[in-house]
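Below you'll find the structure, written out as structure tokens, and then a few comments.
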Amino acid sequence: MSSTSTTGVRMPAAKPLIPLPSPATLRGLMWQALLAAAVVLLGWWLYNNMLTNMAARGLQFGFGFLGRSAGIPIGEAIIPYTPADSYQRALTVGLLNTLRVAVLGILLATLLGLALGLARLSSNPLLRALTGAYIEVIRNTPLVLQLVFWHAIILQLPSVRQALNPLPGVFLSQRGLKLPAFLADEALVSGLFALLAAALLWYGLVRREAARQAATGERRSTLLPGLGLLVAFPLLSAALVGAPRWDWPELAGFNFQGGITLSPEFFALLLGLVIYTAAFVAEIVRAGIQSVHKGQWEAARALGLPGGRIMRLVILPQALRVIVPPLTSQYLNLTKNSSLAVVIGYPDLVSVSNTSINQTGQAVEVISIFMAVYLIISLVTSLLMNLYNRAVALKER
Amino acid sequence: MPATATAAPKAAPASPSLGERARGFVKACFDGPLNIAISLCCIALLVWLVPPLFRWAVLDATWEGTAQTCRQNAGACWAFIREKFWFSVFGLYPFEERWRPATMLLILVAMVLASTVRRFWNRWLLLGWAIAAPAMWVLMQGGILGLPYVQTRQWGGLTITGIIAVYGLALGYPRSILLALGRRSKLSLVRWFCTAIIECVRGVPLISLLFMAAIMLPLFLPQGVTVDRLIRVLFAYTLFTAAYMAEVVRGGLQAMPRGQYEAADSLGLTYWQKMRLIILPQALTITIPAQVNTFIGLFKDTTLVVVIGVFDFFTTLRASLGDPNWLGFPTEAYVYAAAVYFVLCYAMSRYSQRLEREFRPGAR
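One line per chain: the protein sequences are A and B, in this order. Our numbering numbers the first residue of the first sequence as 27 and each following residue consecutively. Our numbering numbers the first residue of the second sequence as 71 and each following residue consecutively.
See the structure below:
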């Protein structure tokens, strides 16, 4: 040992002209090459098996079947659809149904979850206990079970003629939920644009006041002018174009006329997803708010900030950092869980795909399509939420 | 003795008498106008919900008899559950062989209970599982040792729920560790490969994986080769478990201070020695509560096999709804199923919370 080290000091080994990679790097390269070869070989083997199997069943691999007439009856569709339409159209209808329940579900689950999470932190022990019981029961039972349960409950509701009428214009029967809605005409569009314009103006006002406060230290509330804008603009629109008209559901003969309908399947799915996801959101919100150190509350109070602004300016920005990442995965879970629609017969993407597979036998293609669609939805959602997360994340200087 | 001595002063101020606690509860409920209003709303909700539910579930319920008796009474029909109880445990397993799934469930319960005791967390427990898991399968399937052969198609009920959960975890867990290590590997190809698998599996619903296993997998196998449907389900479920657990394990790997990696390197350990002896024991231990939580989710997801017609606990109950002698009691069946899942999952979640408390730094 000592002799080699002394020679090493006196005469360093001649460097090779091209630096050879170290043994560890070589080993790494070898493993990677083996992995790549294994993946390629496996893929090739599977692909060949698939072609042989499909040929044996008289099928051809390819997406040509998408153009053929599907003949699948679909109960509810956002875009016009008849069974004579193509498979592509049928799958699009399924996808839109998935998106409809996912978007509505995410909105409602966030609101309910936020309320429950705050209730879980209430100073009232009775409210805390009730919310806790709700959260534990919902979180510890499988979602499929809850979905079929709600579906069974809705199907046991009274018939249309004896529909429950909890609020004026709202009817609950075994045919689903009936809600009043605005007629989609130019008055509604104009009113919505007026609301949007008022909100944007209010936002501009808030920004200007914030800049003013930063410059002068003087603070003026934008609440009253903002609310004024929100009331004045739609009123102006109503005066110019006319007020939006209600489409009120009414019992006529054996069914309802007017209003919008949530089918029993859609209603059960939405209800189940919202109730289930809200329990998880509530826990995330609670953990997020609890993660903010007590000293932050005390410091904000010592600065003389009123309660609402402590929450908005000090606590929420810090809590959101903890809340946003797990909330993202809950949103993704809700979207993926909406595929359980197949169990209660709501025509979502998976349900339509399933029927398409049974009719065409093109299992590989159809399953690849809907898996790809879910992957894209997942990636886009996490991309958007990551952007938002970057905005609220801790900015270390 | 020393344990109780240290615990006593901590516990003493935290546990006032029951009467004091109740008084404190009532006082907090009616402290200020807002709290009074909230409490009254809560009480109104309870009064609206609890008495009718109690009347339905207990007072007016039918505990024994036939569907006819049930229809005469207004309340729940627990006689239906009584009738279908053993069916929901064993499914269509041959009647005279039912001692086999019963033994299997007993082994399963014993192993799970043993695994919750931290004193037993060692090699022997691992060995125990390595023997118990195949033994459970052999017991169920038979065909050797004089046991008649029973097709997996005839397995069902709670037994199959247990089998899917246990085998999914046993097969998925080692793979999850490999995936997590691969995702943090320095070799870029390995890293991409593992990341792709994890993200693809996590990005799609479990039922699409189940569809893939049930419908698509046979197309990818050579002609003439068929794989049992339960094995195909386990394939999908294992993949799912591995991907979800991998993210938990990765969290543990990332939480290890860099010094641990550097210390292992400076001892001259190889990559696998470093992982096996230094990093993984710590990373896996600190993530055990998270692993239990993930497992609760995975356990609940065993119900999804309903979409491909495997008769697990939930599907078996759902199938018994179609019994022409017992039509019209879905609510009872779902409440019973929910109660069973709730008890199991709640027990697991309490266990995970206890571990979390014990693992918190400075708790020991």
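Using N, Cα and C, we set each Cβ at its ideal position, and we do this for glycine too.
Contact residues of the segment 396-416 of chain A toward chain B are Phe396, Met397, Tyr400, Leu401, Ser404 and Leu405 (C-beta to C-beta distance below 8 Å). Rounded to whole angstroms, B:Cys415 and B:Val362 show a C-alpha spacing of 10 Å. If only complete runs of 3 or more residues are kept, the segment 235-298 of chain A shows the beta strand (DSSP E) at 276-278, 281-283 and 286-288, in order along the chain.
Under the DSSP assignment, A:Ser394 falls in the alpha helix (DSSP H) whose first and last residues are Ala389 to Val418. Under the 10 Å beta carbon count, B:Gly227 is surrounded by 16 or more other beta carbons and is classified as buried. Counting along the chain, A:Lys204 sits inside the beta strand (DSSP E) bounded by residues Gly202 to Leu205. DSSP places B:Asn105 in no beta strand (DSSP E) but in the uninterrupted alpha helix (DSSP H) bounded by Pro103 to Phe124. Around the beta-carbon of A:His177, 16 or more other beta-carbon atoms lie within 10 Å, marking it buried.
Interface annotation for the segment 62-95 of chain A against chain B: Ala62, Val65, Leu72, Asn75, Met76, Thr78, Asn79, Met80 and Ala82, criterion Cβ-Cβ distance under 8 Å.
Nearest in C-alpha terms to B:Ala313, of all of B:Ile233, B:Leu162 and B:Pro244, is B:Pro244. With contacts defined as CB atoms closer than 7 Å, B:Phe384 and B:Ala403 fail to qualify as a contacting pair. The continuous alpha helix (DSSP H) containing A:Asn74 extends over residues Pro49 to Ala82. With contacts defined by Cβ atoms closer than 7 Å, A:Ile164 and A:Tyr302 form a contacting pair.
At least 7 Å separates the CB of A:Pro194 from every CB of chain B. Under the 8 Å Cβ criterion, the segment 275-282 of chain B counts as touching the segment 299-313 of chain B, having at least three qualifying pairs.
The beta-carbon separation of B:Thr372 and B:Ile234, rounded to 5 Å, stays under the 8 Å limit for a contact. B:Phe383: member of the alpha helix (DSSP H) spanning Phe383 to Ser390, first to last residue.
Using a CB distance below 8 Å, the part of the segment 287-304 of chain B facing chain A consists of Pro288, Leu289, Phe290, Leu291, Pro292 and Gln293, ordered along the chain. A:Leu227 is outside the set of residues whose beta carbon lies under 7 Å from a beta carbon in chain B. By the neighbour-count criterion, in which 16 or more other beta carbons inside 10 Å mark a residue as buried, A:Glu324 falls on the exposed side. When B:Gly145, B:Met210 and B:Ala137 are compared, the shortest CA-CA separation from B:Trp169 is found for B:Met210. C-alpha of B:Gly242 to C-alpha of B:Ala316: approximately 9 Å in a straight line. In the DSSP assignment, B:Val380 is bridged to no other residue. Taking a C-beta cut-off of 7 Å against chain B, the contacting residues of the segment 151-162 of chain A are Pro151, Leu152, Leu153, Leu156 and Glu162, listed in chain order. For the segment 179-204 of chain B, the set of positions with a beta-carbon nearer than 8 Å to some beta-carbon of chain A is empty.
B:Gly338 and B:Trp199 have their alpha carbons spaced roughly 33 Å apart.
A:Leu296 is positioned such that its CB atom lies closer than 7 Å to that of A:Val127.
Looking at A:Leu342, A:Gly230 and A:Ala224, the one whose alpha-carbon comes closest to that of A:Ala326 is A:Leu342. Within the segment 295-357 of chain A, the alpha helix (DSSP H) runs of at least 4 residues that lie entirely inside it are, in chain order, 320-328. A Cβ of chain B is located within less than 7 Å of the beta carbon of A:Asn166. By the CB criterion at 7 Å, A:Phe293 and A:Leu183 fall outside the cutoff.
Distances from the CA of A:Ile161 to each of A:Gly143, A:Ile98 and A:Asn150 were compared; the closest alpha carbon is that of A:Gly143. Setting aside the 5 residues that flank it on each side, A:Gly195 is surrounded in the same chain by Pro206 and Trp274, each with a C-beta closer than 6 Å to its C-beta; the list follows chain order. The beta carbon of A:Ala213 does not come within 7 Å of any beta carbon belonging to chain B, so the residue lies off that interface. Taking a beta-carbon distance threshold of 7 Å, A:Gln58 counts as an interface residue toward chain B. At a cut-off of 7 Å between beta carbons, B:Asn105 contacts chain A.
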